[in-house]
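Scroll down for the structure; my scribbles are underneath it.
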Ligand SMILES: [Zn+2]
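In my numbering, the protein residues as written are 130 to 406.
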């Protein structure tokens, strides 16, 4: 049966060893998602995994079809999303291997479509209205609590809160940009956290990100600047741990009837012009 309740957007290392995974191709009014959805069961919960960059990591952060990804997840029943991602640490104490669950986000992307409600008629003739949603708190408070508890249960002292600044990429920051991000008091820097979070909100989904620090960003690191190889190496070294945390969190997320956060009510009383899947 093609249904899931929880979505995980992340690398293939997170689901590839699961038994009984069903691959499902989903088309959306916004085009194709990064890849098929991979549906399986974790801790008694039905989960849909979506490789954010596609299998083989061929889609760069600025070309990901974020709208199609979130829409596809919702269309198979997903209502709560965990979106782990690799980041650079902006403070010396957030070195490689740090797990940080942000509570704030700063958008420094440049070219990405970041709304379903842009007033542009879709290819299928549906005309969304212009909608302005609250986004003061970009992450689900319940999801954050669950993620932090799951990390601690696995002896990983995750950092509770902080600001994720999302840059356009695919290049890494200059030293000046990195020093600026740090001077602003922001915690970690990544390339995929936006518009994933806001698009989830626009669909009434709970969204929580878990950031894994793979390197100290250029301004926080006195010597060598970050390289892609080093990012991959640190990520690989931590992927088993991250997977355990995610699975623990999946099992602990509330059942649909018990979601008591505001996320599902983001669109209450608003005529969006769109019927959600
Ligand atoms: Zn929520």
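Quick reminder that beta carbons are idealized off the backbone N, C-alpha and C, glycines included. Keep in mind that this is a model prediction, so the values were computed, not measured.
The three-state secondary structure of residue 149, taken from DSSP, is coil. A residue is called buried when at least 16 other Cβ atoms come within 10 angstroms of its Cβ; residue 236 meets this threshold and is buried. With fewer than 16 other CB atoms across the displayed protein chains lying within 10 angstroms of its CB, residue 299 is exposed. Checking the 7 Å criterion, the Cβ of residue 392 is within range of a heavy atom belonging to ligand 1. Considering only 223, 226, 344, 270, the residue with the shortest C-alpha distance to residue 390 is 270. For a cut-off of 8 Å, the C-beta gap from residue 260 to residue 399 is around 6 Å, short enough to register as a contact. Judged by DSSP secondary structure, residue 212 falls outside any beta strand (DSSP E); it is assigned neither H nor E. Following the DSSP letters along the chain, one finds residue 286 in no beta strand (DSSP E), marked with neither H nor E. The three-state secondary structure of residue 269, taken from DSSP, is coil. Measuring C-alpha to C-alpha distances from residue 178 to each of 160, 146, 405, 192 identifies 146 as the nearest. Taking 8 Å as the upper bound for CB-CB distance, residue 276 and residue 339 are in contact here, some 5 Å apart. Counting only the Cα atoms, residue 343 lies some 6 Å from residue 226. For residue 336, the enclosing beta strand (DSSP E) has its first and last residue at 335 to 337. Short note on residue 212: C-beta not closer than 7 Å to any heavy atom of ligand 1. Under DSSP, no beta-bridge partner is assigned to residue 243. Considering only 159, 151, 375, 231, the residue with the shortest C-alpha distance to residue 169 is 151. Residue 345 is positioned such that its CB atom lies closer than 8 Å to that of residue 217. In this structure, the beta-carbon distance from residue 267 to residue 243 does not fall below 8 Å.
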